[in-house]
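So the structure is just underneath, and the comments pick up after that.
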Ligand code: UDP
Ligand code: MG
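Residue numbers (my numbering): 32 to 342.
Below, the structure is given as structure tokens:
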């Protein structure tokens with residue numbers, strides 16, 4: 032199969048028929064063997080009924096229905112597990128992404144050899160309350176990840192089939208899939224300017240304030256787990272030893288001052304408290320490193336490495 036199109040959706044019943052018809056038209060025109068995987072993320076508006084109807088009319092449609100709302104990341108992850116295509120394309124269900132982009136995205140993966148191509152909504156049709164925070168998000172993500180994309184959180188993306196099987200998206204990490212892919216070793220990441228349209232039906236599902244807190248936290252988790260997930264002691268141990276040594280040196284110095292130079296009242300000096308604090312924090316960090324190692328020892332991903340080739 033050439034192409035799997037994964038579409039996470041929550042309460043998008045009105046958009047689905049138009050979206051399916053449009054994708055079908057594009058895929059038939061280009062003679063793609065394709066499937067459309069619609070992941071219903073706990074809709075309450077009859078989206079699933081619509082999916083069932085689409086399925087009877089077009090066997091290329093597949094539906095997965097969550098029992099409740101788990102979030103866009105969960106829907107994408109589950110859709111990814113189900114894909115069979117050589118190329119996987121994700122898009123939002125709200126008709127903001129145009130299926131006309133599919134053939135060129137497919138070509139970039141197959142012929143230009145990209146692992147991942149991210150859409151760039153250069154001209155966005157969203158309110159300022161979304162576009163301004165997004166600019167900050169993208170700048171911070173570029174800076175932390177070293178990936179020079181303009182638009183990390185574009186719903187329209189294309190992947191080589193094995194990429195989506197190898198990465199794990201959870202929490203609200205769909206915003207940072209290129210970063211996850213990079214940490215997994217898929218470094219050929221490209222970008223394509225895509226058409227973006229105003230939402231035709233329904234309302235945005237990401238208008239809340241939480242995204243300003245959850246987003247940066249997820250980015251920190253991804254970076255940390257990517258770098259130290261398999262060796263937590265190297266992170267916590269280094270910081271712990273550093274802090275411990277600083278505290279130890281301070282207290283040795285103060286002890287010498289007291290016993291040899293008879294300087295009394297060292298307990299009144301701020302340095303004294305700083306020394307003790309550094310010693311305690313150092314020990315704590317070190318123990319955290321041990322706990323991290325013990326958790327890692329029992330984790331299923333401990334010796335999980337992605338092998339690119341074998342001969
Ligand atoms: N979505 C989802 N689960 C959720 C929230 C959203 O599957 O919990 C889907 C939604 O139906 C849409 C896509 O994720 O297909 C992007 O959501 P939305 O258009 O609301 O985000 P925006 O474009 O406003 O950033
Ligand atoms: Mg949208």
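Cβ atoms here follow ideal geometry from the backbone N, Cα and C, with glycine treated the same way.
Exercise. From what residue to what residue does the beta strand (DSSP E) around residue 149 run?
Worked result: As a first step, residue 149 is located in the chain shown; it is residue number 118 there, counting from the start. Its beta strand (DSSP E) spans residues 147-151.
Problem set entry | N-terminal and C-terminal residue of the alpha helix (DSSP H) that residue 110 is part of | Your numbering for residue 110 matches position 79 in the chain shown. For residue 110, the uninterrupted alpha helix (DSSP H) segment begins and ends at 103-113.
Exercise. Do the CB positions of residue 210 and residue 176 come within less than 8 angstroms of each other?
Worked result: On the chain shown, residue 210 is found 179 positions in, with the first residue counted as 1. On the chain shown, residue 176 is found 145 positions in, with the first residue counted as 1. Cβ atoms of residue 210 and residue 176: closer than 8 angstroms.
Exercise. By how many angstroms is the C-alpha of residue 141 removed from the C-alpha of residue 200?
Worked result: Start at 1 with the first residue of the chain shown, and residue 200 comes out as number 169. Start at 1 with the first residue of the chain shown, and residue 141 comes out as number 110. Rounded to whole angstroms, residue 200 to residue 141 spans 24 angstroms at the Cα level.
Exercise. Does ligand 2 have even one heavy atom less than 7 angstroms from the beta-carbon of residue 123?
Worked result: If you number the chain shown from 1, residue 123 lands on position 92. Yes, ligand 2 has a heavy atom inside 7 angstroms of this Cβ.
For this session: Please name the residue or residues paired with residue 93 in a DSSP beta bridge.
Result: Translated into positions along the chain shown, residue 93 becomes position 62. For residue 93, DSSP records a beta bridge to 68.
For this session: Please report how far the alpha carbon of residue 341 lies from the alpha carbon of residue 273, in whole angstroms.
Result: Start at 1 with the first residue of the chain shown, and residue 341 comes out as number 310. Start at 1 with the first residue of the chain shown, and residue 273 comes out as number 242. About 41 angstroms.
Exercise. Among 298, 188, 118, which has the Cα closest to the Cα of residue 281?
Worked result: Position 250 of the chain shown, counted from the first residue, corresponds to residue 281. Closest by alpha carbon: 298.
For this session: Can you give me the Cβ contacts of residue 50 inside the same chain, cut-off strictly under 7 angstroms, excluding the 5 residues immediately before and after it?
Result: For the purposes of this step, residue 50 is identified with residue 19 of the chain shown, where counting begins at 1. Around residue 50: 124, 126.
Exercise. Straight-line CA distance for residue 296 to residue 246?
Worked result: One-based indexing of the chain shown puts residue 296 at position 265. One-based indexing of the chain shown puts residue 246 at position 215. Approximately 48 angstroms between the Cα atoms of the pair.
Problem set entry | Backbone CA spacing between residue 224 and residue 218 [nearest angstrom] | Position 193 of the chain shown, counted from the start, is the residue given in the question as residue 224. Position 187 of the chain shown, counted from the start, is the residue given in the question as residue 218. Straight-line Cα distance between these residues: approximately 19 angstroms.
Problem set entry | Beta-carbon gap between residue 83 and residue 233 smaller than 8 angstroms | If you number the chain shown from 1, residue 83 lands on position 52. If you number the chain shown from 1, residue 233 lands on position 202. Residue 83 places its beta carbon 8 angstroms or farther from that of residue 233.
Problem set entry | Beta-carbon spacing of residue 132, residue 69 below 8 angstroms | Here the question's residue 132 lines up with position 101 in the chain shown. Here the question's residue 69 lines up with position 38 in the chain shown. Taking 8 angstroms as the Cβ cut-off, residue 132 and residue 69 do not qualify as a contacting pair.
Exercise. Can you name, in chain order, every residue of its own chain whose Cβ lies under 8 angstroms from the Cβ of residue 97, other than the five neighbours on each side?
Worked result: For the purposes of this step, residue 97 is taken as residue 66 along the chain shown, with counting starting at 1. Scanning its chain for C-beta atoms nearer than 8 angstroms, with the 5 sequence neighbours on each side dropped, one finds around residue 97 the residues 70, 71, 72, 73, 105, 106, 109, in chain order.
Problem set entry | Assigned secondary structure, residue 261 (DSSP; H/G/I helix, E/B strand, else coil) | The residue you call residue 261 lines up with position 230 of the chain shown. In this structure, DSSP gives residue 261 a state outside helix and strand, which the three-state scheme calls coil.
Exercise. Quick one, are the C-beta atoms of residue 34 and residue 95 less than 8 angstroms apart?
Worked result: Taking the first residue of the chain shown as 1, we reach residue 34 at position 3. Taking the first residue of the chain shown as 1, we reach residue 95 at position 64. The Cβ atoms of residue 34 and residue 95 lie no closer than 8 angstroms to each other.
For this session: Please indicate yes or no: does the CB of residue 235 lie closer than 7 angstroms to some heavy atom of ligand 1?
Result: In the chain shown, counting from the first residue as 1, residue 235 sits at position 204. For ligand 1, at least one heavy atom lies less than 7 angstroms from the Cβ of residue 235.
Exercise. DSSP state of residue 209, grouped into three classes?
Worked result: As a working mapping, residue 209 is identified with position 178 in the chain shown. Of the three classes helix, strand and coil, the one that applies to residue 209 here is helix, per DSSP.
Problem set entry | DSSP-derived helix/strand/coil call for residue 235 | Stepping through the chain shown from its first residue, residue 235 is reached at position 204. DSSP, read as helix, strand or coil, puts residue 235 in coil.
Exercise. When every heavy atom of ligand 2 is checked, does at least one fall within less than 7 angstroms of the C-beta of residue 228?
Worked result: Locating residue 228 in the chain shown gives position 197, where the first residue counts as 1. Outside the cutoff, so no.
Problem set entry | Through-space distance from residue 317 to residue 75, alpha-carbon basis | In the chain shown, residue 75 corresponds to position 44, counting from 1. In the chain shown, residue 317 corresponds to position 286, counting from 1. Here the alpha carbons of residue 317 and residue 75 stand approximately 48 angstroms from one another.
Exercise. Hey, would you say the C-beta of residue 315 is under 7 angstroms away from at least one heavy atom of ligand 1?
Worked result: As a first step, residue 315 is located in the chain shown; it is residue number 284 there, counting from the start. The answer is no for residue 315.
Exercise. Within 10 angstroms of its Cβ, does residue 80 collect 16 or more other Cβ (buried), or is it exposed?
Worked result: The residue labelled residue 80 in the question sits at position 49 within the chain shown. By the 10 Å Cβ count, residue 80 comes out exposed.
For this session: Look at the alpha carbon of residue 92 and the alpha carbon of residue 229, and state the distance between them as a whole number of angstroms.
Result: One-based indexing of the chain shown puts residue 92 at position 61. One-based indexing of the chain shown puts residue 229 at position 198. So the alpha carbons of these two residues sit roughly 25 angstroms apart.
Problem set entry | Spatial neighbours of residue 194 in its chain, beta-carbon cut-off 7 angstroms, leaving aside the 5 residues before and after | Taking the chain shown and counting its residues from 1, the one referred to as residue 194 is at position 163. If we look at residue 194 and ignore the five residues flanking it on each side, its Cβ neighbours are 146, 147, 212, 217.
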